[in-house]
Amino acid sequence: MTDRSFKYMFIAPAFLLVSATVLYPLLYAIWTSFHEWRLSKSRAPTDFVWFENYARAFFDDPAFLQSVGVTFTFIIGSVVSAILVALLIALLLSRQGKIYTVTRTIIVLPFAMSPALQGTSFRFFLNQEFGVFDRLIGFIFPFAAEIDWLGDSTWAMIWLILTDTWHWAPFLSLMLIGGLLSIPRDTIEAASVDGASAWMRFWTVVLPQLLPVLAIACVLKTIFSFKMFEYVYLLTGGGPGTSTATLTYYAYRQGFHAYDMGYASAIAFVLAILLIGVSVVYFRLLFPKEKEV
Amino acid sequence: MRRLHEKTGTILRSTLLGTVASVMTFGTALAEDLPYGLKSGKPYDGTKITYLAPVATQYEGHSERVAEFTDMTGIEVEFEFVPFKTLLEKILSVKVAGDSDPDVINYLDAWGPALKDMLVPLDDQMDADGISMDRYFAAHAAGATYDGEVYGMPLRGHAQLLFYRKDLLEKHGLDVPVTWDDLVNVAAVIKEKEGLGVANYYSPKNGQNIFTWVNLLWSNGGELIADGKVVFNSPAGVEALQYYADLENKFDVNTSGAKSRDPYESSLSVGAGNSAFFMGWWWHYGSRILGKNTTLQADQIGFTGMPAYGDKGVTFALSMPSGINVESDDKEAAWEFLKWVSNPDLEKRNVIEKADRNVIVALHKSNLTDEDVNEANRGLHMAGAKSLADSRIFPQLESWPEIQQLIANAISDVVSNGTDPQEALDTAAAAAQKLVDQK
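Top line first, the protein sequences correspond to chains B and L. So the first sequence is numbered by our numbering: it starts at 820 and just counts up by one. So the second sequence is numbered by our numbering: it starts at 428 and just counts up by one.
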């Protein structure tokens, strides 16, 4: 057996596994999106309808366009919020020592918890009658005691973002801690010797060197924010009204409530295209091609 | 001597024949005595079937007693419980895969039109075994019937009732509300004197906020869909929605948090002593309003029919029929199980034997008006029977679940965001009409 075929043999199991669990469903979803498939009438896709499902989404379904808007609002809020909190945690914990190591281990717990459990818990935390968060906030800020956190469109979105931040910030902070610890100490010390303030050292020395890790963290978080479903389903039910109904939640409803799998697949694929597009833009902005001299 | 032998032989033969005949007669009598139309002679002995049902005490009661069915028929039944929230997804996955398992499926009546092609019509079997849908209230029977054919036996079903703090109404000398205006007046007094309001729920989660509003709509003479045309945005519908929103924003009779609450949190609010009124399904009474985790005693809680908007109340009812999977390899055995599990005696035992669990749900007319049942449940079932007598169900459309969600979103939008009811319902109606028009 040649070396060439030998290496293919090694990757074959992984390739088969990925094909079966990722590639096949993805290709099937694309194929489905070009078909009529009403679960109420058929167990399998029926007529080939070209781009009808896509055209319906963009030209004949205001709810779809609204869910796109909600999704982007959530993405912007959750990415900014999670990255900022993660950066803050990383700056505080990017030191050597037992206490820091223990703290870094403990803060990963929210990321290890099931999103379903978190969604249910946060809904309970925010309940106006029984919720611990509601009571706590009302105690600290009495003017906020009467706010129905999930019954107000703006607050519902804010809490959706904060719940997601609570889940993601610890994990992202670990990425950033790794990035911070890999920055050569002498560059920071040189800036100190030159009289740079802490803020100047962070802004001009640390941040530029952390940028590649930050970029990866942003892309990763954006991808996961695009797919937001669990908290919408459990925390807000897409409401009040449709103010927190994201694209994935809308696709789910079209698939499992309206039984329109063809249309749901088209929405899901639009989501995938948006995701790829945003990722490309991110990398172009953060890693511009070096100009040839 | 020879005669004596012959005589003895004759006696012995007669005795033997008599014994055999007696045994045969006794055996036949035993077989014929199988109740509920179950087939005698265990023709499906050794067959194993599966039953998909949501998590609920009622089904736990069935599961606990299923050994009796196995003893009579030889059919083994495996219960597969899934949370109600994921039941539809599970059923749809069975449908897409064309699985023969589960053999018996419990589903929500509103899903029926979209699921009926995966279910076996039961009319012939019912006729053969003398089972009639007349034993159920019309709303529950209608929920299992599509295009004139019965696809399931109603097994779980609910009546909507108004639950109230009897002790507080008595304390302040107030009458039990009959109309919505009565409710507003009485609730205003209780809220002022006791600080406890109505545990209304406007969250659009799972489309459940429509359950109360639809009473207002029907009671006000409105309709959801008529002759294929969406009409819930009629003046009657708009007026009903305005009134429903006013309970929160104008009359201020609700307990705080109603905009984001769902029915489960609402009944818990009454059970925790934070609200004085709850309108919803009767099953909440057994586990959330009066349960082991609540603080109230039974004599503190009263129940009555839902309020009327005009002079006549019309109440929404739902049911969960159980049908046979069309792909099942054991349809006959599944039908035997359906006959047993839907029998009125089992239902009665389930709701009166309270030692292990507090089951509320019953559907047979005979049980709802039964003295023992009502004694064991403080008259709840008689109130349920009155409610169900004038109950209706949602339109039987394949796309109804999504239309329900559109209306739920509109209600939430009006209550939380102050959107004009006409505008909100018009938008929902336009989207709903597209769904109705889909062929």
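Note that beta-carbon positions come from the ideal geometry of N, C-alpha and C, so glycine has one too. Note that the structure is a prediction, hence the values are computed from the model and not measured.
- In the DSSP assignment, TRP708 of chain L forms a beta bridge with L:GLN587.
- Spatial neighbours of MET545 of chain L in its own chain (CB-CB distance under 6 Å, excluding positions within 5 residues in sequence) are listed in chain order as LYS522 and VAL753.
- Straight across, the Cα-Cα distance linking TYR471 of chain L with ALA494 of chain L is about 15 Å.
- Closest in alpha carbon position to ILE637 of chain L, among L:ILE787, L:GLY664, L:LEU601 and L:PRO510, is L:GLY664.
- As computed with DSSP, PRO581 of chain L is found in a beta bridge with L:PRO748.
- Every alpha helix (DSSP H) stretch that sits fully inside the segment 466-536 of chain L and reaches 4 residues is listed by chain position as 484-500 and 514-524.
- Within the same chain, Cβ atoms closer than 7 Å to the Cβ of LEU1000 of chain B are found at SER913, the five residues on either side in sequence being excluded.
- If you draw a straight line from the Cα of ASP561 of chain L to the Cα of PRO734 of chain L, it is about 27 Å long.
- Annotated three-state conformation of ASP1079 of chain B is strand, per DSSP.
- Of all C-beta pairs linking the segment 494-506 of chain L to the segment 816-826 of chain L, fewer than three are shorter than 8 Å, placing the two stretches out of contact.
- LEU981 of chain B is not a Cβ neighbour of ALA905 of chain B, given a cutoff of 8 Å.
- The alpha-carbon separation between ALA789 of chain L and LYS766 of chain L amounts to approximately 15 Å.
- Per the Cβ contact rule, the segment 768-775 of chain L is not in contact with the segment 588-595 of chain L (fewer than 3 Cβ pairs under 8 Å).
- The Cβ neighbour count for HIS599 of chain L, taken over all protein chains shown within 10 Å, is under 16; the residue is labelled exposed.
- Among the CB atoms of chain L, one or more fall inside 8 Å of the CB of HIS1076 of chain B.
- With a cut-off of 8 Å on Cβ pairs, the segment 1052-1059 of chain B is in contact with the segment 835-842 of chain L, counting three or more such pairs.
- LEU852 of chain L is positioned such that its CB atom lies closer than 8 Å to that of ASN660 of chain L.
- For ARG862 of chain B, at least one C-beta of chain L is nearer than 8 Å to its own C-beta.
- According to DSSP, residue pairing for ILE652 of chain L in a beta bridge involves L:VAL657.
- Put simply, the CB of LYS792 of chain L is far from chain B, with every gap to its CB atoms at 8 Å or more.
- By the rule that beta-carbons nearer than 8 Å mark a contact, PRO961 of chain B does not touch chain L.
- Of all residues in the segment 925-939 of chain B, none comes within less than 9 Å of chain L when Cβ atoms are compared.
- Against chain L, the CB of ARG823 of chain B has no partner CB under 8 Å away; the residue lies outside that interface.
- If you draw a straight line from the Cα of TRP869 of chain B to the Cα of LEU842 of chain B, it comes to about 21 Å.
- Interface annotation for the segment 880-907 of chain B against chain L: ASP880, PRO881 and ALA882, criterion Cβ-Cβ distance under 9 Å.
- The three-state reading of DSSP puts ASN794 of chain L in helix, counting H, G and I together.
- A residue is called buried once 16 or more other Cβ atoms fall within 10 Å of its Cβ, and MET747 of chain L is buried on that count.
- For the set L:ALA858, L:PHE496, L:ASP679 and L:GLU491, the Cα lying nearest the Cα of GLY473 of chain L is the one of L:PHE496.
- Between the C-alpha atoms of ALA615 of chain L and SER1084 of chain B there is a straight-line separation of about 49 Å.
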